[in-house]
């Protein structure tokens, strides 16, 4: 039996940087090039070749798609100092710098893995499809089973995992860019829960989330707007990306030990207000996802983990949660009210770099909450950590699809 190496596929890489006229050229033509290569290969396959190689053909297409994903990852910000994804330090022909360009790459990969490749392959290799005879003409009496249903299902699963590698890399780098300043300092610093008033947040006439979380809301709103244009017709992918980004933020917060060290330091004084504000921020994050229609079980689980840890940490420092915290309904209602205020433009941070006195006006509509639960095992499957992360790191956590 021949092995995979006997099947020669054309290269997907441009032969040289001069082969690429401009960044935008390959951004918008890479998908077309991949599709043309696949169509050409499939068009040249004979029934005898298909019956002989069978699943090896699927494996070759999977390898080509993996290579294509690696090319797209190299085009995203954050790979210049990473060796795990680039075997050789060849020059990178283009960079996807803007949100729109990065979303185009994700959309291209999603279309290929979810629509084009499965559709093209099943036209030729599907066990349910009668294959051509040796002469190339139709033959209703010949039905060669080149691949089994199990092989095909497993192949589709690997295609999805390959796309998820690209998606999770994008989400990780996007979140790290938001969380860390150019100087490498975390904007979501636990010290923001130490400063300010020591009175109860419950009695504040106009309680709002912390400024970094207001900025997160603005960033997600902006990205959702861009995705609505760039990924038109791919609502499932849009929600999947926004859900994954939100999960990535709360996962970073749950695993960043330097954040929690501030609360655990006996030399630092803490107040009930800080606990109240942190819990409000977590309810706010959950409400962002609900209002955006991309809530997931993972988001709620991670938010719950952070709230539980915060209560336990503050309790060990002498803060009685029973007397310090209002009912859960108050946090939920306050988070919803904050969403409405920010959407109406009464208060919001201008950007992730904004000073406390700077604000921006946000426009948008709150959509009905849509439940898009993900696999309960997706959080525990992640073997990576965001602890002490920096913008140069590229290994991303693996999550399950938030779509049911």
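Residue numbers (UniProt numbering): 1 to 404.
Note that CB positions come from ideal geometry on N, CA and C, so glycine has one too.
N- and C-terminal bounds of the alpha helix (DSSP H) containing residue i
| i | result |
| --- | --- |
| residue 335 | 328 to 344 |
| residue 261 | 257 to 264 |
| residue 51 | 47 to 53 |
| residue 158 | 149 to 179 |
| residue 267 | Unbroken run through residue 267: none, as it is neither H nor E. |
| residue 122 | 117 to 125 |
| residue 105 | 99 to 111 |
| residue 321 | 321 to 324 |
Residue closest to residue i, alpha-carbon to alpha-carbon, out of the options
| i | options | result |
| --- | --- | --- |
| residue 162 | 73, 183, 211 | 73 |
| residue 227 | 257, 104, 37 | 104 |
| residue 258 | 191, 160, 29 | 191 |
| residue 96 | 170, 248, 330 | 170 |
| residue 213 | 193, 225, 230, 333 | 193 |
| residue 265 | 165, 300, 98, 316 | 316 |
| residue 118 | 94, 107, 157 | 157 |
| residue 217 | 78, 94, 342 | 342 |
| residue 166 | 206, 220, 108, 182 | 108 |
| residue 185 | 251, 238, 236, 256 | 256 |
| residue 120 | 34, 51, 183, 279 | 34 |
| residue 274 | 238, 207, 225, 251 | 207 |
| residue 238 | 70, 99, 46 | 99 |
| residue 308 | 71, 328, 45 | 328 |
Beta-carbon gap between residue i and residue j smaller than 8 Å
| i | j | result |
| --- | --- | --- |
| residue 173 | residue 241 | no |
| residue 282 | residue 319 | no |
| residue 209 | residue 338 | yes |
| residue 245 | residue 175 | yes |
| residue 325 | residue 276 | yes |
| residue 263 | residue 313 | yes |
| residue 65 | residue 112 | yes |
| residue 179 | residue 58 | no |
| residue 302 | residue 250 | yes |
| residue 331 | residue 299 | no |
| residue 296 | residue 243 | yes |
| residue 288 | residue 220 | yes |
| residue 234 | residue 116 | no |
| residue 150 | residue 50 | no |
Assigned secondary structure, residue i (DSSP; H/G/I helix, E/B strand, else coil)
| i | result |
| --- | --- |
| residue 295 | strand |
| residue 193 | helix |
| residue 186 | strand |
| residue 61 | helix |
| residue 207 | coil |
| residue 75 | helix |
| residue 312 | helix |
| residue 33 | helix |
| residue 318 | coil |
| residue 277 | helix |
| residue 96 | coil |
| residue 300 | helix |
| residue 271 | coil |
| residue 352 | With a pLDDT of 40 at residue 352, under the threshold of 50, the predicted position of this residue should be treated as unreliable, though the coordinate-derived value follows. Reduced to three states, the DSSP call for residue 352 is coil. |
Near the ligand ATP: residue i beta-carbon under 7 Å from a heavy atom
| i | result |
| --- | --- |
| residue 303 | Within the structure as shown, the ligand ATP is missing, as the structure has no ligands at all. |
Which ranges would you report for the alpha helix (DSSP H) in the segment 219 to 263 if only whole runs of at least 4 residues count?
-> 235 to 255
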